[in-house]
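**Q**
Number of protein chains: 2
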Amino acid sequence: MRLIQEIDQTCCPPLVGSVLTETEAERLARALRVLAEPARLRLVSLVAASDGGESCVCDLTDRLDLGQPTVSHHLKVLTDAGILRREKRGRWAYYRIEPEPLELLRGALDPGTAGARQSTEAGVT
Amino acid sequence: MRLIQEIDQTCCPPLVGSVLTETEAERLARALRVLAEPARLRLVSLVAASDGGESCVCDLTDRLDLGQPTVSHHLKVLTDAGILRREKRGRWAYYRIEPEPLELLRGALDPGTAGARQSTEAGVT
DNA sequence: CGCACATATTGACAGCTATCGATATTTCCG
DNA sequence: CGGAAATATCGATAGCTGTCAATATGTGCG
């Protein structure tokens, strides 16, 4: 079994248009759960807005009013999901956004809703 | 305070581009949490795929391998969030998709990710 | 009216996870 | 090497929520 639950194409079939199987629903739910957390949303937002598109943990802990272990935990969850990428330089760990997973999730929420378009997993450009 | 947590514009500022405040993050997280659940994803998917765009609860309980109270609970959560709309006809309750909340959530996941576009809350058509 | 059916509500409980303090690990610096 | 700084991991705990059984509410039918 896979310990690291990365968000890939298999997680994001169109929410509408075809009925989700139990497995698909499970996968997509797990992916969404990663973002369904205030601290993690703020982290993503902070990282994305930061200069050069990356932040080190120390900057993030300062802004979040949460303990360092907690921030580290959330960063791990986001990284395991593939939403953030970690790069260690010297003593510091820098995080930056990985655009694709967010796009895939967006895609999962996309179609049928307004009339069953078909975007699926193809068009991430 | 508001008991019913409906998904509206206030829940979905762009995830990136500006840094989410604690309140904004809380709101968006709560909205995402509604969908971050396998049973609810399947319900949305089932309703959307159903004939005429609506299902009654009895159809849904059959397909979900969950007790009727549980299904009813999930339907309530989805309805309170504004994702489903409930209409009672005779003894039956019919649920259908309300497209806008899903679109708003999609919008929240949209922009900056790839370079801070500005779609925000305007273009739902 | 009274029963049967469809759905909703209630109360209880188990499982998950966000959070923290303590500690381990890694890396630089002198 | 030794110590300090940055980050990660661990173990414990509290709060939330998905689930169910039991029951309530509503609605048509005879």
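Going down the list, the sequences are from chains A and B. Using numbering that gives the first Met the number 0, the letters of the first sequence correspond one by one to residues 0 to 124. Using numbering that gives the first Met the number 0, the letters of the second sequence correspond one by one to residues 0 to 124. All C-beta atoms in this analysis are idealised placements derived from N, C-alpha and C, irrespective of residue type, glycine included.
How would you write the range of the alpha helix (DSSP H) that Ser71(A) sits in, first residue to last?
**A** Gln67 to Asp79
**Q** If you check the beta carbons only, do Leu19(A) and Arg41(B) fall under 8 Å apart?
**A** yes
**Q** For Glu99(A), which of helix, strand or coil comes out of DSSP?
**A** helix
**Q** Report buried or exposed for Pro176(A), applying the criterion of at least 16 other Cβ atoms within 10 angstroms of its Cβ.
**A** Only positions 0 to 124 of chain A appear in the structure, and residue 176(A) is not among them; the question remains open.
**Q** Quick one, which residues of the stretch 25-43 of chain A are near chain B if we go by CB-CB under 7 Å, in chain order?
**A** Answer set for the stretch 25-43 of chain A: Glu25, Leu27, Ala28, Leu31, Arg32, Leu34, Ala35, Glu36, Pro37, Leu40, Arg41 and Val43.
**Q** For Gly106(A), does the count of other Cβ atoms within 10 angstroms reach 16, so buried, or fall short, so exposed?
**A** Of the other Cβ atoms in all chains shown, 16 or more fall within 10 Å of the Cβ of Gly106(A); this residue is therefore buried.
**Q** What does the alpha-carbon distance come out to for the pair Gly66(B) and Tyr93(B)?
**A** 18 Å
**Q** Can you grab the Cα-Cα spacing for the pair Ala47(A) / Arg90(B), in whole Å?
**A** 50 Å
**Q** Are the Cβ atoms of Gly81(A) and Pro100(A) separated by less than 8 Å?
**A** yes
**Q** Residues of chain A with a CB under 7 Å from the CB of Leu45(B): which are they?
**A** Val18
**Q** What residue does the beta strand (DSSP E) around Arg85(B) start on, and which one ends it?
**A** Per DSSP, the continuous beta strand (DSSP E) segment holding Arg85(B) begins and ends at Leu83 to Arg88.
**Q** Under 8 Å between C-beta atoms, does Leu83(B) make it to chain A?
**A** no
**Q** Take the Cβ of Ala121(B) as the centre, count every other Cβ of all protein chains shown within 10 Å, and call the residue buried at 16 or more, exposed below.
**A** Any reading at Ala121(B) is ruled out, since the residue's pLDDT is 30, under 50, leaving its predicted position unreliable.
**Q** Taking only beta carbons into account, state which residues of the stretch 84-111 of chain A come closer than 8 Å to chain B, listed in chain order.
**A** Ile96, Pro98, Leu101, Glu102, Leu104, Arg105, Leu108, Asp109 and Gly111
**Q** Could one say the Cβ of Glu53(B) lies closer than 8 Å to chain A's Cβ atoms, at least one of them?
**A** no
**Q** Do Ala35(A) and Leu31(B) come within 8 Å of each other at the CB atom, strictly closer than that value?
**A** yes
**Q** Can you give the Cα-Cα distance for Val76(A) and Leu83(A), rounded to whole angstroms?
**A** 9 Å
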